[in-house]
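Taking the numbering used here, the leading residue of the sequence shown gets 3, the next gets one more, and so forth. C-beta atoms are modelled at their ideal positions from N, C-alpha and C, and glycine is treated no differently. The structure presented is a predicted model; accordingly, all values stated were derived computationally and were not measured.
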Amino acid sequence: MSRHFLAVLAVCAVALPLRAADPPKRPNVLFIFTDDHASHAISAYGSKINQTPNLDRIAKEGMLFENCFCTNSICGPSRAVILTGKHSHLNGFPDNKGSTVFDGTQQTFPKLLQAAGYQTAMLGKWHLKSDPTGFDRWAVLHDQGTYYQPAFKTNAGPLKVEGYTTDIITDLALDWLKKERDPNKPFLLMYQHKAPHREWAPGPNQLGLYRDKDIPEPATLFDDWAGHASPSKNQEMTIERHMNDRDLKFVAPNNLTPAQKKLWDEAYAKENEAFKAANLQGKDLVRWKYQRYIKDYLRCVAGVDDNVGRVLKYLDDSGLAKDTVVIYSSDQGFYLGDRGWYDKRWMYEESLRMPFLVRWPGVVKAGSVNKDLVQNLDFASTFLEMAGAKVPDDLQGKSLVPLLKGQTPADWRKSIYYHYVEYPQPHRVAPHWGVRTATHKLMYFPLTDEWELFDLVKDPGERTSVYASAPETAKELKAEIGRLQALYKVPERYGVPK
Ligand SMILES: [Ca+2]
3 MSRHFLAVLA VCAVALPLRA ADPPKRPNVL FIFTDDHASH AISAYGSKIN
53 QTPNLDRIAK EGMLFENCFC TNSICGPSRA VILTGKHSHL NGFPDNKGST
103 VFDGTQQTFP KLLQAAGYQT AMLGKWHLKS DPTGFDRWAV LHDQGTYYQP
153 AFKTNAGPLK VEGYTTDIIT DLALDWLKKE RDPNKPFLLM YQHKAPHREW
203 APGPNQLGLY RDKDIPEPAT LFDDWAGHAS PSKNQEMTIE RHMNDRDLKF
253 VAPNNLTPAQ KKLWDEAYAK ENEAFKAANL QGKDLVRWKY QRYIKDYLRC
303 VAGVDDNVGR VLKYLDDSGL AKDTVVIYSS DQGFYLGDRG WYDKRWMYEE
353 SLRMPFLVRW PGVVKAGSVN KDLVQNLDFA STFLEMAGAK VPDDLQGKSL
403 VPLLKGQTPA DWRKSIYYHY VEYPQPHRVA PHWGVRTATH KLMYFPLTDE
453 WELFDLVKDP GERTSVYASA PETAKELKAE IGRLQALYKV PERYGVPK
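Given below as structure tokens:
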């Protein structure tokens, strides 16, 4: 055997295993996104009220982020932050008001990926009013869309499909993956559900779930907000007083087919009759509303989980799974009866938190958990770095790729900034801004000039503000708010109604 041949063998023996473990240079990016799915309704996050086996699979085969937070807990704004990698005051979409329209001419990460040679598609709920830009293919619900017989705007004209929205958005995604995309290019697919947004209309396959069982109640279902400043007491988002007949399924969606209506009535009519006959009052009435609400919410989540299972199976069957980063997230958290509420908006933990799961074969260690402070602000930089594209300097987030590799930089952020402005409608949640660290949260409500400070170690449920009794901590965190507002270029008293 020649010396040369031996040398080649030796090189191969070293080089081949290394090359096999290298991540693909340009992975596909599948961004699975839902609307209002709180992480405490995902079993991988320790849900006490449901099971989500397909979402759990992404966590089990990837990384679960325990501390992922939005910058502004409401639908359109969270999406605009994700697309631009910039806070609401810079991307121009701070609220869901009718007059707020996303400026699609600005820089977004899909545009940058497209320019870097990615094929891009956006299918499902968009919620930013202007037509999507930066996508080779798009089909989006009109604004909120409907749960049944959804109508879409698409790059090829209007589309209306009979059936249930979660199933149909999945069909669109699978069709694009199977038949429409160019297999010679890496892809970005944003596959975004309407579910489980209000008014929580379940699909035909999930209507029968939880029929004869009670879902556990949160400990704070009958909260009196005694340990809080005035805004918590003056909101309009309680299960007790602020749910309408459509939320509670006393009125069916008005566009069901006769076959869908029959299934719907079989699911609700008898229970509704029993409810009327019982004439419930007080806490019994709240408990009934909670059960009706949470079961419908969880049925919508189950529809998402089932459909994510269909997509994961297709990735397996087609061989795409090994080259595709799969991400699961939702635009913000939600109150699942916690504090007596539904909806979101607040900087309190339940609605501040976002689920964020990332499966990246060959890069992310299966079953890993990250506890660093991360935000939706970071997604754009992350997806660009995953694709090997340049990350522009004006993005305000940080790439999470080092975290995904298990290598958190020593100077990783120690606090996050939050800023909510939509007021007074629809839920009279007072504008506020604040900071959260690993151990504390300080919130400021400018309309009433009130502060709340929580020690998240001693009081993880944020039951009692310690603002008056911890002036030193308050002072430090006020300075931190000032530092972050300067860092993120927040205009003074931004979003405070005059
Ligand atoms: Ca939302």
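I'd like to confirm something about HIS42: is its beta-carbon nearer than 7 angstroms to some heavy atom of ligand 1, or not? In this structure, HIS42 has its beta carbon at no less than 7 angstroms from each heavy atom of ligand 1.
Excluding the five sequence neighbours on either side, which residues of its own chain have a C-beta within less than 6 angstroms of the C-beta of ASP138, listed in chain order? GLN121, THR122
Which residue's Cα is closest to the Cα of TYR330: ARG213, TYR337, MET356? MET356
Let's see if you can read the secondary structure: which residues bound the alpha helix (DSSP H) around VAL288? 284–320
What residues does ligand 1 have around it, judged by CB closer than 5 angstroms to any heavy atom, in chain order? ASP37, ASP38, CYS77, ASP333
Check whether PRO96 and GLY497 have beta carbons under 8 angstroms apart: yes
Of the residues LEU449, PHE385, GLY305, ILE418, the one placed nearest LEU57, counting alpha carbons only: GLY305
Segment contact flag, the region 409–420 with the region 387–398, C-beta cutoff 8 angstroms, min 3 pairs: no
On a Cα-Cα basis, can you pick out the residue from PRO448, GLY64, THR107, PRO79 that is closest to LYS346? PRO79
Per DSSP, what are the beta-bridge partners of THR36 in this structure? SER332
Classify ASP38 as buried or exposed, calling it buried when 16 or more other Cβ atoms lie within 10 Å of its own Cβ. buried
Quick one: grab the DSSP three-state call for ARG465. coil
Does DSSP classify LYS392 as helix, strand or coil? coil
Could you tell me whether the Cβ atoms of GLU438 and TYR422 are closer together than 8 angstroms? In the sequence as displayed, the identity of residue 438 is Arg instead of Glu. No, Cβ-Cβ distance for ARG438 and TYR422 is not below 8 angstroms.
Can you give the beta carbon distance from GLY229 to ALA269, rounded, assuming they're within the 8 angstroms contact cut? Incorrect: roughly 39 angstroms between the Cβ atoms, too far for contact.
How about the region 64–81 and the region 352–368: do they share at least three Cβ pairs that are nearer than 8 angstroms? yes
Contact the region 30–47 vs the region 189–199: 3+ CB pairs below 8 angstroms: yes
Quick check on GLN116: does DSSP put it in helix, strand or coil? helix
If you draw a straight line from the C-alpha of THR450 to the C-alpha of THR222, how long is it? 25 angstroms
May I ask which residues mark the beginning and end of the beta strand (DSSP E) holding ASN372? For ASN372, the enclosing beta strand (DSSP E) starts and ends at 370–372.
Does DSSP put THR86 in a helix, in a strand, or in coil? helix
Within 8 angstroms, strictly: CB atoms of PRO112 and TRP362: no
Can you tell me whether ASP380 is buried or exposed, with buried defined as 16 or more other CB within 10 angstroms of its CB? buried
Length at least 4, wholly inside the region 133–208: the alpha helix (DSSP H) runs in chain order: 167–177
Quick one: what's got a C-beta closer than 7 angstroms to PRO220's C-beta in the same chain, skipping five residues either side? LEU338, GLY339, ASP340
My assumption, with CB atoms under 8 angstroms, is that SER90 sits in contact with THR107. Please give the rounded CB distance. The pair is not a contact, with the Cβ atoms about 17 angstroms apart (cut-off 8 angstroms).
Tell me, to the nearest whole angstrom, how far the beta carbon of LEU191 is from that of LEU179; I am working on the premise that it is less than 8 angstroms. Right, their Cβ atoms sit about 7 angstroms apart.
Buried or exposed, going by whether 16 or more other CB atoms sit within 10 Å of the CB of ARG213? exposed
Judging by CA-CA distance, which residue of ALA271, ASP286, ALA323 is the nearest neighbour of PHE252? ALA271
Buried versus exposed, by CB contacts within 10 Å (16 or more), GLU201: buried
Measuring only the C-alpha atoms, how far is LEU300 from TYR292? Between the alpha carbons of LEU300 and TYR292 lies a distance of about 12 angstroms.
What are the boundary residues of the alpha helix (DSSP H) that includes GLU242? Looking at the DSSP string, GLU242 is not in any alpha helix (DSSP H), and its letter there is neither H nor E.
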